[in-house]
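Q: Pasting in a structure now, in structure tokens, and then I'll have a few things to ask.
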Amino acid sequence: MSREKFLKAYANLPEPERVQIIAIIDNKSYSWNIAYNEITNDTELGKKILKKMEELGIL
Numbered sequence: 000m001s002r003e004k005f006l007k008a009y010a011n012l013p014e015p016e017r018v019q020i021i022a023i024i025d026n027k028s029y030s031w032n033i034a035y036n037e038i039t040n041d042t043e044l045g046k047k048i049l050k051k052m053e054e055l056g057i058l
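Position one of the sequence shown corresponds to residue 0 (numbering that gives the first Met the number 0), numbered consecutively onward.
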């Protein structure tokens, strides 16, 4: 379900907002664009980003 929520939120974001940092994992920051690539490719990092976004209440 989180993946679908993320994709819907991403689709509704204005282009300039997609470069904003949304999560910090292992002392590295990730923007909406990077998160989109990781999540759509179903990587471990993508799963961590989704989990962090849920914890922060973004999704």
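Beta carbons: idealized from backbone N, C-alpha and C, even for Gly.
Opposite Ile24 in the DSSP bridges: which residues?
A: Bridge partners of Ile24: Lys27.
Q: Quick one: what does DSSP say Leu12 is sitting in, helix, strand or coil?
A: Coil at Leu12, not helix or strand.
Q: Apply the 10 Å Cβ neighbour rule to Ile33 and answer buried if 16 or more other Cβ atoms are within range, or exposed otherwise.
A: Flag for Ile33 reads buried.
Q: Are the CB atoms of Tyr29 and Ile48 within a distance shorter than 8 Å?
A: Yes, the pair counts as a contact, with Cβ atoms nearer than the cut-off.
Q: Can you have a look at Ala22 and say buried or exposed, based on whether 16 or more other CB atoms are within 10 angstroms of its CB?
A: Ala22 should be labelled buried.
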